[in-house]
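The opening residue of the sequence shown carries number 50 in our numbering; numbering runs sequentially from there.
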Amino acid sequence: MGAALPVEAVGLHKRFGQRTAVEDLSLRVEEGKVYGFLGPNGAGKTTTIRMLLGLITPSQGSVRIFGRDIRKDFKRAVSQVGAMVEGPAFYPFLSARKNLRLFGRLSGGIAEGRIDEVLAQVGLSARAEQKVAGFSHGMKQRLGIGLALLEEPRLLVLDEPTNGLDPQGTRQIREMVRAIRDDGRTTVFLSSHLLGEMERICDRVAILSRGRMLREGSLDELLGSDAGVIQLEVDLERDAVALDLLAARFGATPRLVRRGHLELEAEGIGPAEVNRALHSEGIAVHGLGARRRTLEQVFVALTGDASDIQ
Numbered sequence: 050m051g052a053a054l055p056v057e058a059v060g061l062h063k064r065f066g067q068r069t070a071v072e073d074l075s076l077r078v079e080e081g082k083v084y085g086f087l088g089p090n091g092a093g094k095t096t097t098i099r100m101l102l103g104l105i106t107p108s109q110g111s112v113r114i115f116g117r118d119i120r121k122d123f124k125r126a127v128s129q130v131g132a133m134v135e136g137p138a139f140y141p142f143l144s145a146r147k148n149l150r151l152f153g154r155l156s157g158g159i160a161e162g163r164i165d166e167v168l169a170q171v172g173l174s175a176r177a178e179q180k181v182a183g184f185s186h187g188m189k190q191r192l193g194i195g196l197a198l199l200e201e202p203r204l205l206v207l208d209e210p211t212n213g214l215d216p217q218g219t220r221q222i223r224e225m226v227r228a229i230r231d232d233g234r235t236t237v238f239l240s241s242h243l244l245g246e247m248e249r250i251c252d253r254v255a256i257l258s259r260g261r262m263l264r265e266g267s268l269d270e271l272l273g274s275d276a277g278v279i280q281l282e283v284d285l286e287r288d289a290v291a292l293d294l295l296a297a298r299f300g301a302t303p304r305l306v307r308r309g310h311l312e313l314e315a316e317g318i319g320p321a322e323v324n325r326a327l328h329s330e331g332i333a334v335h336g337l338g339a340r341r342r343t344l345e346q347v348f349v350a351l352t353g354d355a356s357d358i359q
């Protein structure tokens, strides 16, 4: 029998009165990976995470953390879990170090050396003695991740850790998650609506919309290991004609990236075929290439909705 999975959820449903927030959701998270839980705000990500952590009870379905049922064996199930859900909360007039020390005492005490390790891990060693009231939003997020890491969990659950951050803060969180994954001791379950960011760091992703899981798989499975989008360059004055021609010829919806530059989903279509179609109508092709799809393109293809994702 193999090792128990960090997370295994089967048939999760959650209803609040007449409203269904999560419907028939199942997932399996493998050890040592970054698992991305992706979808727009209001898709049911936080509700699902709260069920996974035993913070709310599913209307139906089951959750196991490292093989232990979250409802029947809650204390042992969460004993190897660190989590940051819906933003961290700290004592503002205590320093970063004193906050970690205080929260550590609640679980029986944490060695000062471990606090130093965590502060270094989240890039806050130089701010260890500064009051949290003076921290930026990004620094508070990093301290929240530090708190979740304090007891060296085997599973780290982060709910929208980059929410509200500027590009620099987002990059810092991304690099931190990569380092945690590469260390090999901790599995990361990460929710976000920032699809481009998740594409950079996740090993496996699930796409959620309106409480239902639409797709789940590795990045190669979702995006395709081969090129799935044809890119081409034509004369500026001919790009509108090229758009109409490609739509009519291939039954697809090409996209004008910028003047003279087009993209076309390559379902069963090859670059050479596109080139021939344009040349047959007297449209010169000055550049032709291909790339694989992005998570955003996969999401839009599944939902038809690009609102509230980035």
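We put the beta carbon where it would ideally sit given N, CA and C, even for glycine.
Since this is a predicted model, take the numbers as computed values, not measurements.
Residue i versus residue j: straight-line alpha-carbon distance, rounded
{"i": "isoleucine 332", "j": "glycine 319", "result": "17 angstroms"}
{"i": "lysine 189", "j": "leucine 173", "result": "10 angstroms"}
{"i": "aspartate 252", "j": "glutamate 330", "result": "43 angstroms"}
{"i": "alanine 301", "j": "valine 323", "result": "12 angstroms"}
{"i": "arginine 270", "j": "glycine 245", "result": "The sequence shown places glutamate at residue 270, not arginine. Rounded to whole angstroms, glutamate 270 to glycine 245 spans 17 angstroms at the Cα level."}
{"i": "glycine 309", "j": "alanine 326", "result": "17 angstroms"}
{"i": "glycine 195", "j": "leucine 295", "result": "51 angstroms"}
{"i": "leucine 101", "j": "valine 127", "result": "10 angstroms"}
{"i": "arginine 64", "j": "alanine 145", "result": "38 angstroms"}
{"i": "serine 267", "j": "leucine 143", "result": "42 angstroms"}
Residues near residue i by beta carbon distance below 7 angstroms, same chain, minus five either side
{"i": "glycine 116", "result": "Ala53"}
{"i": "valine 59", "result": "Ser75, Gly110, Ser111"}
{"i": "leucine 305", "result": "Asp288, Leu292, Leu311"}
Beta-carbon proximity list for residue i, same chain, < 6 angstroms, skipping 5 on both sides
{"i": "isoleucine 222", "result": "Pro210, Thr211"}
{"i": "glutamine 280", "result": "Glu312, Gly338"}
{"i": "lysine 124", "result": "none"}
{"i": "glutamate 248", "result": "Leu344"}
{"i": "glycine 193", "result": "Met133, Pro137"}
{"i": "arginine 113", "result": "Glu57"}
{"i": "histidine 335", "result": "Glu282"}
Own chain partners of residue i with C-beta closer than 8 angstroms, once the 5 adjacent residues on each side are dropped
{"i": "arginine 150", "result": "Ile159, Glu161, Ile164"}
{"i": "leucine 257", "result": "Leu74, Phe86, Leu87, Gly88, Ala92, Gly93, Lys94, Thr97, Leu263"}
{"i": "glycine 233", "result": "Gly81"}
First through last residue of the alpha helix (DSSP H) which encompasses residue i
{"i": "lysine 121", "result": "Looking at the DSSP string, lysine 121 is not in any alpha helix (DSSP H), and its letter there is neither H nor E."}
{"i": "serine 144", "result": "No alpha helix (DSSP H) holds serine 144; DSSP gives it neither H nor E."}
{"i": "glutamate 161", "result": "161-170"}
{"i": "isoleucine 250", "result": "244-250"}
{"i": "aspartate 13", "result": "The displayed coordinates of the chain run from 50 to 359. Any statement about residue 13 would go beyond what the structure contains."}
{"i": "alanine 25", "result": "With the chain covering 50 to 359 only, the question about residue 25 has no answer from this structure."}
{"i": "glutamate 345", "result": "344-352"}
{"i": "isoleucine 318", "result": "Here isoleucine 318 belongs to no alpha helix (DSSP H), and DSSP marks it neither H nor E."}
Simplified DSSP state of residue i, which is helix, strand or coil
{"i": "isoleucine 114", "result": "strand"}
{"i": "leucine 294", "result": "helix"}
{"i": "leucine 311", "result": "strand"}
{"i": "alanine 57", "result": "Sequence check: residue 57 is glutamate here, not alanine. Three-state DSSP puts glutamate 57 in a strand."}
{"i": "lysine 82", "result": "coil"}
{"i": "alanine 70", "result": "strand"}
{"i": "alanine 52", "result": "coil"}
{"i": "valine 127", "result": "helix"}
{"i": "leucine 327", "result": "helix"}
{"i": "serine 108", "result": "coil"}
{"i": "leucine 198", "result": "helix"}
{"i": "phenylalanine 299", "result": "helix"}
Exposure of residue i, with buried meaning 16 or more beta-carbon neighbours within 10 Å
{"i": "histidine 328", "result": "exposed"}
{"i": "arginine 191", "result": "buried"}
{"i": "threonine 236", "result": "buried"}
{"i": "aspartate 215", "result": "exposed"}
{"i": "aspartate 293", "result": "exposed"}
{"i": "alanine 70", "result": "buried"}
{"i": "glycine 187", "result": "buried"}
{"i": "glycine 153", "result": "buried"}
Beta strand (DSSP E) segment containing residue i, residue limits
{"i": "phenylalanine 238", "result": "236-241"}
{"i": "serine 185", "result": "No beta strand (DSSP E) holds serine 185; DSSP gives it neither H nor E."}
{"i": "aspartate 208", "result": "204-208"}
{"i": "glycine 336", "result": "334-340"}
{"i": "arginine 287", "result": "Per DSSP, arginine 287 belongs to no beta strand (DSSP E) and is neither H nor E."}
{"i": "arginine 259", "result": "Counting along the chain, arginine 259 falls outside any beta strand (DSSP E), and DSSP gives it neither H nor E."}
Any non-hydrogen atom of the ligand MG within 7 angstroms of residue i CB
{"i": "glycine 91", "result": "This structure does not include the ligand MG; it has no bound ligands of any sort."}
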